[in-house]
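Peer 1: Taking the working numbering, I'd label the letters of the sequence shown as residues 527 to 805. C-beta atoms are modelled at their ideal positions from N, C-alpha and C, and glycine is treated no differently.
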Amino acid sequence: MPSLLRLITCGSVDDGKSTLIGRLLNDTEAVPDDRLQGLEDLSLLADGLEAEREQGITIDVAHIFFGTPKRRFILADTPGHEQYTRNMATGASNADLAIVLVDATKGVLTQTRRHLTIASLLGIRSFVLAVNKMDLVGFSQGIFETIRSEFAKIAESLEIEAVTAIPVSALCGDNVAAGSDAAPWYDGPTLLEHLEQVEPEPASSLTSFRMPVQYVIREGTERLYAGTIASGSVQAGQDVVVAPSGKRTRIARIVGRMSDGDQATAGEAVALAFEDQVD
């Protein structure tokens, strides 16, 4: 049986994540023909929520299954909008690899940096930089190299070594599942070729405490941050770092544990109260 790769797409809003996923689904023939009939926007293959179609953004985390003869994929399409960053963290907590999209017309943005940082903190060590919308900049090698260089500096500061940069046009299909004559200067793999053969770097520390916050519970003036522990363990009085702000705080108490005792471990659903309020 082909191996399984768990991955996410992330990046700033409007960088083309949903369109890229629609292109992958279309080009790997993962979508029935009757669903494609009359569909003019490939992004709608990923944006299943009606609210998302009305607003034109991805809100929830959509898990999408597709495959090729070489590998099976479970892809989490995560929100790009800053308001839904916590949903992106939820998707990243179970991924082996992250595809970070950057709009070639805009370059690396604040939300790009934020998503890269969160994915790194959650243990992902293998990344694809997909410089999207290259068709809108004439497949300029200079623009691609500038974005790749800036992204590499951020990755280096996070001690990320495994980054593959690919110039793509999700809308037109260039370098997604098929090569492109529009960028003769690029001689690397297509996105799909890379995903079929990559062996993700192992997480740097599976014993460190990591928990994506899925929702916030307000009890009077107190806030409880709830989620499922992705790795490691936690206990009251422990110091933690909150991403993406980097603020340090201390856990005041743990509620809603599935097991008795002062410590909660990976796989448990918990709500944490901090000594200092965090945003």
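(1) As a quick exercise: from Ser759, Ala756, Cys698, Ile692, pick the residue whose alpha carbon is nearest that of Asp553.
(2) Report yes if the C-beta distance between Ile743 and Ala792 is below 7 Å; otherwise report no.
(3) Taking only runs of the beta strand (DSSP E) that begin and end inside the segment 703 to 780, which ones reach a length of at least 3 residues, in chain order?
(4) What are the start and end residues of the alpha helix (DSSP H) that includes Phe670?
(5) Note down, in chain order, each residue of its chain lying with its Cβ closer than 6 Å to the Cβ of Ser706, except the 5 sequence neighbours on either side.
(6) Given a threshold of 16 other Cβ atoms within 10 Å of its Cβ, counted over all protein chains shown, does Lys659 qualify as buried or as exposed?
(7) Count the CB pairs spanning the segment 669 to 682 and the segment 632 to 639 that are closer than 8 Å, and state whether there are at least three.
(8) Of all the options Val654, Thr775, Ala769, Leu798, which has the alpha carbon lying nearest to the alpha carbon of Leu750?
(9) Identify the continuous alpha helix (DSSP H) that holds Asn701 and give its terminal residues.
(10) Pick out whichever of Leu647, Val724, Arg674 has its Cα sitting closest to the Cα of Leu504.
(11) May I ask which residues mark the beginning and end of the beta strand (DSSP E) holding Ile799?
(12) Can you check whether the CB of Gln789 is closer than 7 Å to the CB of Gln826?
(13) Please name the residue in Ile669, Ser695, Leu647 whose C-alpha comes closest to that of Ala708.
(14) Counting only the same chain and skipping the five closest in sequence on each side, list residues whose C-beta sits under 7 Å from that of Thr775.
(15) Give the C-beta separation of Ile686 and Arg736 to the nearest angstrom, bearing in mind that I take them to be a contact with Cβ-Cβ under 8 Å.
(16) So, helix, strand or coil for Ser538, using DSSP?
(17) Indicate whether Cys536 and Ala621 have their beta-carbon atoms separated by less than 7 Å.
(18) Can you tell me where the beta strand (DSSP E) with Ala656 in it begins and where it stops?
(19) Taking all protein chains shown into account, decide if Asp541 is buried (16 or more other Cβ within 10 angstroms of its Cβ) or exposed.
(20) For the alpha helix (DSSP H) containing Ile625, list its first residue and its last residue.
(21) Using a Cβ-Cβ cut-off of 7 Å (strictly less than) and excluding sequence neighbours within five positions of Lys596, which residues of its own chain qualify?
(22) Is it true that the CB of Gln740 sits closer than 7 Å to the CB of Gly753?
(23) Going by the DSSP bridge assignment, what does Val689 pair with across the sheet?
(24) Among Val634, Leu551, Ser538, which one has its Cα closest to the Cα of Leu601?
(25) According to DSSP, simplified to helix, strand and coil, what is Ala556?
(26) May I ask you to report which of helix, strand or coil DSSP gives Leu635?
(27) To which residues of the same chain is Val663 closer than 7 Å at the C-beta, ignoring the five residues directly before and after it?
(28) Quick check on Gly746: buried or exposed, where buried means 16 or more other Cβ atoms within 10 Å of its Cβ?
Peer 2: So, to answer that:
(1) If we check each option's Cα against that of Asp553, Cys698 comes out closest.
(2) Pairing Ile743 with Ala792 gives a Cβ-Cβ distance that is not under 7 Å.
(3) Counting only runs of 3 or more residues that sit fully inside the segment 703 to 780, the beta strand (DSSP E) segments are 741 to 745, 748 to 754, 759 to 761, 765 to 768, in chain order.
(4) Counting along the chain, Phe670 sits inside the alpha helix (DSSP H) bounded by residues 667 to 683.
(5) Hits under 6 Å: Asp700.
(6) With 16 or more other Cβ atoms from the protein chains shown falling within 10 Å of its own Cβ, Lys659 counts as buried.
(7) Cβ pair count under 8 Å is three or more, so yes.
(8) The option with the nearest alpha carbon to Leu750 is Leu798.
(9) That residue, Asn701, is in no alpha helix (DSSP H); it is neither H nor E in DSSP.
(10) Given that the chain is displayed from residue 527 to residue 805, the structure contains no residue 504 and the question cannot be resolved.
(11) A quick correction: the sequence has Ala, not Ile, at residue 799. From DSSP, the beta strand (DSSP E) with Ala799 extends over 795 to 800.
(12) Coverage of the chain is limited to positions 527 through 805, which leaves residue 826 absent and any answer about it impossible.
(13) Looking from the CA of Ala708, the closest CA among Ile669, Ser695, Leu647 belongs to Ser695.
(14) These residues qualify, in order along the chain: Val766, Val768, Phe800, Glu801, Asp802, Val804.
(15) Between Arg736 and Ile686 the Cβ distance is about 16 Å, and since that is not below 8 Å, they are no contact.
(16) Coil at Ser538, not helix or strand.
(17) In this structure, Cys536 keeps its C-beta atom at 7 Å or more from the C-beta atom of Ala621.
(18) Counting along the chain, the beta strand (DSSP E) containing Ala656 begins and ends at 652 to 658.
(19) Buried: at least 16 other Cβ atoms inside 10 Å.
(20) Under the DSSP assignment, Ile625 falls outside any alpha helix (DSSP H), being part of the beta strand (DSSP E) whose first and last residues are 623 to 629.
(21) Sequence-distant Cβ neighbours of Lys596 in its own chain, meaning closer than 7 Å and more than five residues away, are Pro528, Glu722.
(22) One thing to note: Gly753 has its Cβ within 7 Å of the Cβ of Gln740.
(23) Per DSSP, Phe653.
(24) For Leu601, the closest alpha carbon among the candidates Val634, Leu551, Ser538 is that of Leu551.
(25) It is coil, neither helix nor strand.
(26) DSSP, read as helix, strand or coil, puts Leu635 in coil.
(27) Ala630, Thr631, Ile669, listed in sequence order.
(28) Exposed: under 16 other Cβ atoms inside 10 Å.
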